[in-house]
Amino acid sequence: MAVTHEHAHAEHHLSFVQKYIFSQDHKIIGIQYLMTSMAMAVTGGILAMLIRMQLGWPGTKWGLAAFLFPGGFQGGQMKPDFYLSVVTMHGTIMVFFVLTTALSGGFGNFLIPLQIGSRDMAFPWLNMMSYWLYPPAIVVLLAAFLVSGGAPNSGWTAYVPLSALKEASPGSGLGQTLWLISLALLIVAFLFGSLNYITTILNMRARGLSMGRLPLTIWSLFVTAILMLLSFPVLFAAVIMLLFDRLAGTSFFVPSGIVIGGQLLSHTGGNPLLWQHMFWFLGHPEVYVLILPPMGMVSDILATHARKPIFGYRFMVGAICAIALLSFLVWGHHMYTSGMHPLVGMAFMTTTLAIAVPSAVKTFNWLATLWRSRIRFAPAMLFALGFVSLFVTGGLTGIFLGSPPIDIYMQDTFFVVAHFHFVMASAAIFGVFAGTYHWFPKMFGRMMNERLGRIHFWLTFIGIYATFFPMHFAGIQGMMRRIYSPQLYAHLKGLAELNAFVSLAAFALGLAQLIFLVNLFWSMFRGPRAERNPWEATTLEWQADSPPPHGNWGAHLPEVHRWAYDYSLPDAKDDYVPQTVPTAQVPAHRGTDGGGGG
Amino acid sequence: MNGTTKTLERPPATAGPRGPRAPGRETTFDRSSGDGPGANTAAANPARVGVWLFVIAVTILFAAFTNAYLSRRAAADWQVGPLLPILWVNTVVLVLSSLALEYARAHGSREDAAGARLGLGAATALGTAFLIGQVVAWRALAAAGIFMASSPHSAYFYLLTGMHGLHLTGGVGGLFYALWKVHREPAAAQVVLGPTAIYWHFVDVLWLYLFFILFWQ
Amino acid sequence: MAAGTRTTDERRTGGFLALLILLMIVIGGVGMTVMAKTRWWLPPVASAHGGDIDRLFYITLIVTGLVFVLVHVLLALFVWQNAAWGDRRAEHWHEHQTLELSYTIIPAIVLAILVSMGGVVWHRVHAAPPASALAVDLRGEQFAWLARYPGADGAFGRIDPAKIDARTNPMGIDPGDPAGSDDIVTRELHLVVNRPVEVRLRARDVLHSFFVPAFRVKQDVVPGMTVTTWFTPTKAGDYEIACAELCGVGHYIMRGKIKVETQEAFDAWLAGQKK
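Chains as they are written, first to last, in my numbering: chain G, 9 to 606; chain Z, 3 to 219; chain P, 71 to 345.
See below:
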């Protein structure tokens, strides 16, 4: 029995602006987040290419780059402060303005109402307002490149005092202030978004959709939203306090006795480690905010394209919750060498290595899902499989870093850079790609080109391993992070070739993404029309049209009768049974009588 | 096969099905006119859930400030600043505004729109008076030469009262909205006042807490 | 697409992916690691506790390496085996409590062992320095290191940042403290081979980090704090301090010179330094 609603087919005469710009429709907002994130990914990617240019061939005179970025080059050579600005902005953009926005903002918005069978989010107006904080935050952030002193030089982690004292670095002037304001705006967007998602999932699930029947995509987005709600306010507090240290002369973080630029500063009593604690209290859950949604989406994509239920649904849900809970208890592993008390380091080591356990469970469950399956290698599936590999590689190097004695050596070296580029730049991005290829038909009503998708996968998978795997060895040799030139230390001799190779691989990797962009935009307008359920998947969104109309479901909301993973039921005719099909109505296998499916 | 599938399933009756929300409708404190079991229970109202979640986020914000504050307070150079009498006045005003809001809620649930409007109006006026009183306190301190950077205590005083004031200003905005809503649609009084009260009482209790930790020695 | 072509296509893709995983990741990854050991690797250990750290590193490398190979071989195998073929349906098998518990408990045990081993080494690194340790005070600043020895009285004079003068008193030793009158301030850090050294670490302006790869030592220096670390250099020679915490535009060139030498050479050097 479905519930009708007299307004379901109300004709809204919305203007172009109301429909596509200030839309309150979660699908449009989700696509807005995805498109904006993609533009920021290109920006962050260009910054990455600049980093690799400098690290691959330090001391070189560049013609084109110097022409495009005149403030950052002198005599053709990149300036050290520009290098640090590029490093800082690359990290900030990729973590906050690409991955968080694409995964939670983009996929979260598009998928949640559709997969739970509701017409929209709980608070559509708030949803729109949340998105519209994002472009202003971008403008404020990128403006930092244009002001006197340039963009911040303190890394995406903005450690104090470097980020608090304008005398400490050119970018620690107005650029750092703009960076802080931009983050504050974006954090508000994230908080209101999370609040919306949690309320929607708790309150607006379709009839019959208990929490135990939710697809893992929704579980992961739900838990991620809770993580964001509980952790982002701490960074917000730290950002406000740092702004006051910078602009009002307070000493929340800045200690006494600092002598810089020949002057003794008048700050008293602040604690630089307090900034680190507050930053990482958000910073660590943040990385799980970035990996949990891809994990959820990959689970569902693997199940769909392997025509098999995800293995161990209950343990998977448990693992998501365990990871989320533990993620609040591990932040100190970023601070083993910070001057924190060693006993505290012991405590964080224990929790950090504990969090590897649920990750291991998930990995083996993915493998078990593939065993005796029937795999269809759609591009989404290729990226989902690639995700498993990249997550394992990146996760394993985390075990080194989680151990404080090993971290004594590895902290702040390229071993850390390799580790997080495997889990974030590789695994999480593969989650974004997999999700895009998989849900593109639902979003745009057209199919992406499969051939181009596969080529994109091969080039990207090879390119990513080629770029980031060798970085581990630079770290093992002791190459530090955020250094403008790796050629000036005796212990770094011999790394020139490795760095050059990594840079070349990075350029190739970057170029390969053009294939994706071309495929995406061409298919959006000229791709073959998609049917309702091209992947023969079970979850609710595939019961709506491609693309779904405003209000998603027409006159009748869907009703759910089973969990999300009825693939390859032995007695059913088709190798999948959508969630909306009641038990009595499962078409039976030829030769058996009706009512099969038990 | 299906029957033996072990999942986290619970019987559908507890799934909380509700009527669909009309697309495009403004929903912050709105109630969908959809029907379905449980559509009118207070616990299921999305506005209440949303407000509680917001309260949780703001609590975490102030917990972070508190953590920084407490560790700074432990240092040897800590000295508490002056407790201006107007801060006591503001506190009383804010408590009264919460009482006025409870009056509004009681009358709202009795379908007495006039009473609800009266209580709401009083709460809004008192809330605004609190904000003005806080600004007066700030100006008095400034006149005495006490600014943010003057001492560790003054830094936290301005930080905490400023952030609280910002959140309270949002709350006053919410009260104005509730006033407008009750005026336009008296039957919606009960539904609007619930979430409004949750947030307003929260910023009231938050003030009591901040006042205490700032000046208790 | 006809079912037959589809199946062939899937099998080809599956085979190719499996091969890529085996070649590029398993063989390539392990192979590159073996090759890297001869070219881009840890510098030879030159401190007493460095050996402990390296041992822990190698054990972790072996454990993670085994898991890396195992998971990727399984991934490749399952991908290749299960590329869509014929009419066979996937097996509707999706839960096995014992199996799942086993790969919850086994990783937990392995990690618990690694945690204990790490804890032992961490405890050793942070144990109290022996009484015979040479004491030195080291300050990081934008963009150099400045060292100070306590002199004949064995005590360091108090530091007063207000007294810092680039020419006459770069360390900012308080002239009113008699313990500081014999302190020796130097640009180079000299240490005695096989003698423990206790380094008191400070910062003048922003965060820096005292990192000496060969000693397996790293400790951030924090303005407003004095953090102590100690170690025993075991090989004479020249080393560099590499700053390992972003500190501004000169971070990439903030090198400090370390010389590890015999006690006699050290004494001679110290005697020759101006106070």
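Think of the CB as a built atom: it goes at the ideal place given N, C-alpha and C, for glycine as much as any other residue.
For residue i and residue j, what's the separation of their Cα atoms in angstroms?
| i | j | result |
| --- | --- | --- |
| G:S177 | P:G318 | 6 Å |
| P:M324 | G:F230 | 46 Å |
| G:E539 | G:T401 | 37 Å |
| G:M487 | Z:D206 | 53 Å |
| P:L136 | P:V96 | 10 Å |
| P:D252 | G:K174 | 36 Å |
| P:K233 | G:L272 | 9 Å |
| G:L154 | G:L58 | 17 Å |
| Z:A131 | Z:V193 | 26 Å |
| G:L72 | G:G179 | 23 Å |
| Z:P39 | G:R215 | With a pLDDT of 35 at Z:P39, under the threshold of 50, the modelled position of that residue is not reliable, and no figure is offered here. |
| G:F430 | Z:A139 | 53 Å |
| P:V143 | G:W543 | 28 Å |
| P:G294 | Z:S100 | 45 Å |
| G:S202 | G:E505 | 45 Å |
| G:S239 | P:K327 | 42 Å |
| P:W111 | G:R380 | 41 Å |
| P:G121 | P:V115 | 7 Å |
| P:R194 | P:H119 | 8 Å |
| P:L204 | P:A273 | 20 Å |
| G:S45 | G:V95 | 19 Å |
Run through the DSSP bridge pairs and tell me what residue i is partnered with.
| i | result |
| --- | --- |
| P:N239 | P:D235 |
| P:A273 | P:G210 |
| P:S117 | P:P303 |
| P:R325 | P:A312 |
| G:I383 | P:A153 |
| P:I254 | P:Y219 |
| P:T298 | P:R270 |
| P:D290 | P:S279 |
| P:H260 | P:K329 |
| G:A596 | G:A580 |
| G:T421 | G:M488 |
Using DSSP with H/G/I as helix, E/B as strand and the rest coil, what is residue i?
| i | result |
| --- | --- |
| G:L273 | coil |
| G:M488 | strand |
| G:M86 | strand |
| P:W111 | coil |
| P:A217 | strand |
| G:K581 | coil |
| G:T68 | coil |
| G:T575 | First, the residue type needs correcting, since residue 575 of chain G is Tyr and not Thr in the sequence shown. It is a strand residue. |
| G:E294 | helix |
| Z:A70 | helix |
| P:D122 | helix |
| G:R570 | coil |
| G:V431 | helix |
| Z:G40 | Low local confidence applies: a pLDDT of 33 at Z:G40 is under 50, so the model's placement there is unreliable, and no value is given. |
Count the other C-beta atoms from every protein chain shown that fall within 10 angstroms of the C-beta of residue i, then say buried if there are 16 or more, exposed otherwise.
| i | result |
| --- | --- |
| Z:W80 | exposed |
| P:W215 | buried |
| P:F336 | buried |
| G:W288 | buried |
| G:P387 | buried |
Evaluate the contact criterion for the segment 463-476 of chain G versus the segment 268-281 of chain P: three or more CB pairs, one atom per stretch, below 8 Å.
-> no
Inspect the CB distances between the segment 45-58 of chain G and the segment 514-526 of chain G and report whether three or more fall short of 8 Å.
-> yes
At a cut of 8 Å, does the segment 431-451 of chain G reach the segment 377-395 of chain G through at least three beta carbon pairs?
-> yes
Does the segment 478-485 of chain G come close enough to the segment 563-580 of chain G that 3 or more CB-CB pairs lie under 8 Å?
-> no
Could you tell me whether the segment 326-341 of chain G touches the segment 254-262 of chain G, using the rule of 3 or more Cβ pairs below 8 Å?
-> The segment 326-341 of chain G vs the segment 254-262 of chain G: no contact.
Would you call the segment 314-321 of chain G and the segment 336-353 of chain G touching, i.e. three or more CB-CB distances under 8 Å?
-> Below 8 Å, too few C-beta pairs join the segment 314-321 of chain G and the segment 336-353 of chain G to call them touching: fewer than three.
Are the segment 171-180 of chain P and the segment 352-368 of chain G touching by the rule of at least three beta carbon pairs closer than 8 Å?
-> yes
Cβ contact check for the segment 183-202 of chain G and the segment 143-162 of chain G: 3 or more pairs under 8 Å | yes
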